[in-house]
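> One structure follows; several queries about it will come next.
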Amino acid sequence: MNYIELYYKKIVNNEVIVSNKIRRIYKHLMDNIENPSGAYFFNEAKADHAIGFIESYCKHSKGKVGGKPFILELWQKALVSATFGFVDKDGLRQYRELILIVARKNGKSALGSALALYMLFADDEAGAEIYSAATRKDQAKIIWNEAVKMIKKSPALKRRSKCLVSEIKSYMNEGSFRPLSSDSNSLDGLNVHAALLDEIHAWKTTDLYDVIVDGKTARDQPLTIITSTAGTVRESIYDQKYEQCTDIINGYEDPNGYKNERVLPIIYELDSLKEWTNPQAWGKANPGLGSIKSLQQLAEKVEAAKHNSRLVPNLLCKDFNLRQNSSQAYLTFEQIDNQATFNFNDFAPKPSYCIGGFDLSQTTDLTCATILFKLAPDDPMFYCHQMYWIPEDLFEKRKHEDHAPYDIWFQRDLLRTSAGNINDFHLITEWFLEIQEKYDLYLYKCGYDAWGAQYLSKEMADTFGETTMDRVIQGKQTLSVPMQNLAAHLEAKHINYNNNPILKWCMGNVAVDIDRNGNIQPKKQINQRLRIDGFASLLDAYTSYERNMDDYLNMI
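Just so you know, we're using my numbering here: the sequence shown kicks off at 6 and counts up by one.
This is the structure we're talking about:
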């Protein structure tokens, strides 16, 4: 039976309520089944082989179904069918990476364990090396331990393997299944056939993922299985993978969009924040609701969150897969997330004047410069463009200490280095000149914090004119109203910041200092490594905009 087709029919007929992404994913899969083209086609026998193994040899280990056969639900059968059923002319799998984003308590760990056992015992791979990977050993052992329990409850698998303290050995093919963490002593020399990466929302770096990818090169059809809920660690590997999935799904319908037919993105989530109180929408993030996951318990949690706002962020993140920031954050992820982009060369007419801003750091934080501009006085949209700097000698140290992908941002020219171990603020002046010469876009005003800016402000005044520089005192009296207005513009998606990941990270890190009168100003969270410099630079520019709004709008 073709479970992809059966699942998609239920989706189209609204018998199953799914997210917009899931609907588009399965439409793409059905298009590929009905109109095979290129190098891959759907082999139903291959799909059924994986499903048959799981349902015949894997057993649940706990709860009311403990000891019973693992009978897959339709959404799981469709997922397994897609993962293993699409192959090339030699019978090798199309998909080399499965990314399953699903709310907690929907059985992803049990499914991951069953898939790992299939890859170990039944994938016809000699010496198969299977790894359950996480940043901590105890997390890496969650899926691995579940696999051990499945083996112990299955006489057939138990006869064909031996479970040691940290390894499952297969007698059938000399294969092994081990838990693997970042602090393991055996990260070198991996020959990975399959790797299960669990809860990547908590991974702060890509180091372990990179090790896994490098270890797959010697296999003919390796498979990485990523399973996770949403999380609060921004600009982590989770965000990178989520954005990749989004680009892949958008590329299905866009001839010029991003294409990657080696990654299978399965994302169960609410389509909107507004849906969290609507029981009819809960299944979008919880495909196992009512069977694997308790509907009554979720309803009770939602009801409690309605009366206690402190419970909402965790509920949205873990039960509905809506990305959130830390509970200390001033702005929610939905407020700051804006996928819109722009290209300076596409503007017609081209903008002539902008408002600048900068936030300085000599060694520890990032240094950031911002330009903010509008295209027309009656257009609500602001456009924001930034550049960041970090001392070259401290680059590697800051990358590891901050757990931020500075190397990726550097490659994308979102971040530049300053020679030596101290930022050279002259680079800011050069950048504003670069904007002026490249885009014919002139600074009208430039908001700045006077701390440490004595020489730079003089150089900027000498370069762009005395009246350009606009000192912004860093205090609640000055920043409270602009900060609140800026937040409102962000929430309304009126600030197109070109989906800059550094600014998105910085905005998500901002906490707020409030006085007894309710006035606010930005501050860092308890974790001082969470940089806010991009937001501070943007806020200085926006504050200067509000001060000079009438004159600026008359000029554009």
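Using N, Cα and C, we set each Cβ at its ideal position, and we do this for glycine too. Bear in mind the structure is a predicted one, so any value in this text is a computation, not a measurement.
Distance check for L195 and K246, CA to CA, integer angstroms please.
On the sequence shown, position 241 is the one that residue 246 refers to. On the sequence shown, position 190 is the one that residue 195 refers to. The alpha-carbon atoms of K246 and L195 are separated by roughly 22 Å.
> What runs of the beta strand (DSSP E), each 3 residues or longer, lie entirely inside the region 388–442?
Correct list: 420–423.
> Taking contact to mean at least 3 C-beta pairs separated by less than 8 Å, is the region 374–383 in contact with the region 354–362?
Segments in contact, yes.
> If Y62 and A161 are in contact, beta carbons under 8 Å, what's the gap, nearest whole angstrom?
Within the sequence shown, numbered from 1, the residue matching residue 62 stands at position 57. Within the sequence shown, numbered from 1, the residue matching residue 161 stands at position 156. Confirmed, about 5 Å.
> Can you pull the DSSP bridge partners for T88?
Along the sequence shown, read from residue 1 onward, the residue named residue 88 stands at position 83. According to DSSP, T88 bridges with nothing at all.
> Suppose the cutoff is 6 Å on Cβ atoms and the five residues either side in sequence are ignored; what does the same chain contact list for L484 look like?
The sequence position of residue 484 within the sequence shown is 479, counting from 1. Within the same chain, L484 has close Cβ partners Q526.
> Does the beta-carbon of P354, which I'm using as the reference point, lie nearer than 6 Å to any heavy atom of the ligand NAP?
Because no ligand of any kind appears in the structure shown, any question about the ligand NAP cannot be addressed here.
> Would you identify the three-state DSSP class for N501, choosing helix, strand or coil?
For the purposes of this step, residue 501 is taken as the residue at position 496 of the sequence shown. N501: strand per DSSP, three-state reduction.
> Please report the distance separating the alpha-carbon of D219 from that of H198.
For this step, residue 219 is matched to residue 214 along the sequence shown. For this step, residue 198 is matched to residue 193 along the sequence shown. If you take the alpha carbons of D219 and H198, they lie about 11 Å apart.
> What residue does the beta strand (DSSP E) around M560 start on, and which one ends it?
Taking the sequence shown and counting its residues from 1, one reaches residue 560 at position 555. Careful: M560 lies outside any beta strand (DSSP E), inside the alpha helix (DSSP H) at 554–560.
> Just curious, the beta strand (DSSP E) that L169 is in, first and last residue?
The residue labelled residue 169 in the question sits at position 164 within the sequence shown. Premise fails: L169 is in no beta strand (DSSP E) and is neither H nor E.
> Determine the contact status of S181 and E151, defining contact as a CB-CB distance below 7 Å.
As a working note, residue 181 is residue 176 in the sequence shown. As a working note, residue 151 is residue 146 in the sequence shown. Not a contact, by the Cβ cut-off of 7 Å.
> Only counting the same chain, and skipping five residues up and downstream in sequence, which positions put a Cβ closer than 6 Å to that of N265?
Taking the first residue of the sequence shown as position 1, residue 265 is located at position 260. Counting only Cβ-Cβ distances below 6 Å, and skipping sequence neighbours, we find I253.
> Figure out for me which residue from S233, L461, Q340 has the closest Cα to the Cα of G112.
Counting from 1 along the sequence shown, the entry for residue 112 is found at position 107. Ranking S233, L461, Q340 by Cα distance to G112 puts S233 first.
> Tell me the DSSP secondary structure of P487 in three-state form.
As a working note, residue 487 is residue 482 in the sequence shown. In this structure, P487 counts as helix in the three-state DSSP scheme.
> For Y453, does the three-state DSSP call read helix, strand or coil?
Within the sequence shown, numbered from 1, the residue matching residue 453 stands at position 448. Three-state DSSP puts Y453 in a strand.
> Rounded to the nearest angstrom, how far is the Cβ of W414 from that of P506, given a contact under 8 Å?
Here residue 414 refers to the residue found at position 409 when the sequence shown is read from its first residue. Here residue 506 refers to the residue found at position 501 when the sequence shown is read from its first residue. So it is a contact: roughly 7 Å between Cβ atoms.
> Keeping to the same chain, check which residues put their C-beta closer than 7 Å to that of M177; ignore five residues upstream and five downstream.
Counting from one through the sequence shown, the residue named residue 177 turns up at place 172. Excluding residues within five positions, the ones whose Cβ falls inside 7 Å are F126, R165.
> Flag this pair as yes or no: are the beta carbons of I106 and K82 separated by less than 7 Å?
Walking along the sequence shown from the start, residue 106 turns up at place 101. Walking along the sequence shown from the start, residue 82 turns up at place 77. Cβ distance not < 7 Å, so I106 and K82 don't count as in contact.
> Out of curiosity, what's the CA-to-CA distance linking L4 and Y214?
Any answer about residue 4 is impossible in this case: the structure gives the chain only from 6 up to 561.
> Using the three-state DSSP reduction, which class does T210 fall into: helix, strand or coil?
Your numbering for residue 210 matches position 205 in the sequence shown. Here T210 sits in coil by DSSP.
> Let me know the secondary structure DSSP gives A592 once reduced to three states.
Missing from the structure shown is residue 592; the chain here goes from 6 to 561 and no further.
> Take D324 as the anchor and find which of T337, E305, Q340 has the nearest alpha-carbon.
Counting from 1 along the sequence shown, the entry for residue 324 is found at position 319. Per the Cα distances, E305.
> How many whole angstroms separate the CB atoms of A290 and A108, which I take to be in contact at a CB cut-off of 8 Å?
Position 285 of the sequence shown, counted from the start, is the residue given in the question as residue 290. Position 103 of the sequence shown, counted from the start, is the residue given in the question as residue 108. Right, the Cβ-Cβ distance comes to about 4 Å (below 8 Å), so this counts as a contact.
> Helix or strand or just coil, what does DSSP make of M474?
What you label residue 474 is simply residue 469 of the sequence shown in a count that begins at 1. Three-state result, M474: strand.
> Using C-beta distances below 6 Å, list every residue in its chain close to I519, excluding the 5 sequence neighbours before and after it, in chain order.
For the purposes of this step, residue 519 is identified with residue 514 of the sequence shown, where counting begins at 1. Same-chain partners within the cutoff: I525.
> Q99 and Y45: beta carbons closer than 7 Å?
As a working note, residue 99 is residue 94 in the sequence shown. As a working note, residue 45 is residue 40 in the sequence shown. A contact, by the Cβ cut-off of 7 Å.
> Thinking C-beta only, is Y449 closer than 7 Å to Y550?
Your numbering for residue 550 matches position 545 in the sequence shown. Your numbering for residue 449 matches position 444 in the sequence shown. No, the Cβ-Cβ distance between Y550 and Y449 is not below 7 Å.
> By the DSSP assignment, the beta strand (DSSP E) with C359 in it spans what residues?
Counted from its first residue, the sequence shown places residue 359 at position 354. That run of the beta strand (DSSP E) goes 358–364.
> So which of W80, E248, I230 has the shortest CA-CA distance to A139?
Locating residue 139 in the sequence shown gives position 134, counting from the first residue. Comparing Cα positions, the closest option is I230.
> What are the partner residues of Y526, as DSSP defines its beta bridges?
Along the sequence shown, read from residue 1 onward, the residue named residue 526 stands at position 521. It is worth fixing the name first, because residue 526 is Gln in this sequence and not Tyr. Bridge partners of Q526: D518.
> Might you give, ordered along the chain, the residues of its own chain that have their beta carbon closer than 8 Å to the beta carbon of L495, omitting 5 neighbours on each side?
Here residue 495 refers to the residue found at position 490 when the sequence shown is read from its first residue. Cβ neighbours of L495 beyond the five flanking positions: L336, Q340, I341, N343, M512.
> Going by the beta-carbon positions, is the gap between S451 and M488 smaller than 7 Å?
Residue 451 sits at position 446 when you count from the first residue of the sequence shown. Residue 488 sits at position 483 when you count from the first residue of the sequence shown. Sequence check: residue 451 is Cys here, not Ser. Their beta carbons are not under 7 Å apart, which means C451 does not touch M488 by this criterion.
> Taking F469 as part of the alpha helix (DSSP H), name the residues at either end of that continuous run.
Here the question's residue 469 lines up with position 464 in the sequence shown. Looking at the DSSP string, the run of the alpha helix (DSSP H) that includes F469 is 459–469.
> Taking only beta-carbon positions, decide if N559 is within less than 7 Å of chain D.
Absent from the structure: chain D. Only one protein chain is present.
> Name the two residues that bound the continuous beta strand (DSSP E) containing A139.
Along the sequence shown, read from residue 1 onward, the residue named residue 139 stands at position 134. Per DSSP, A139 belongs to the beta strand (DSSP E) from 134–139.
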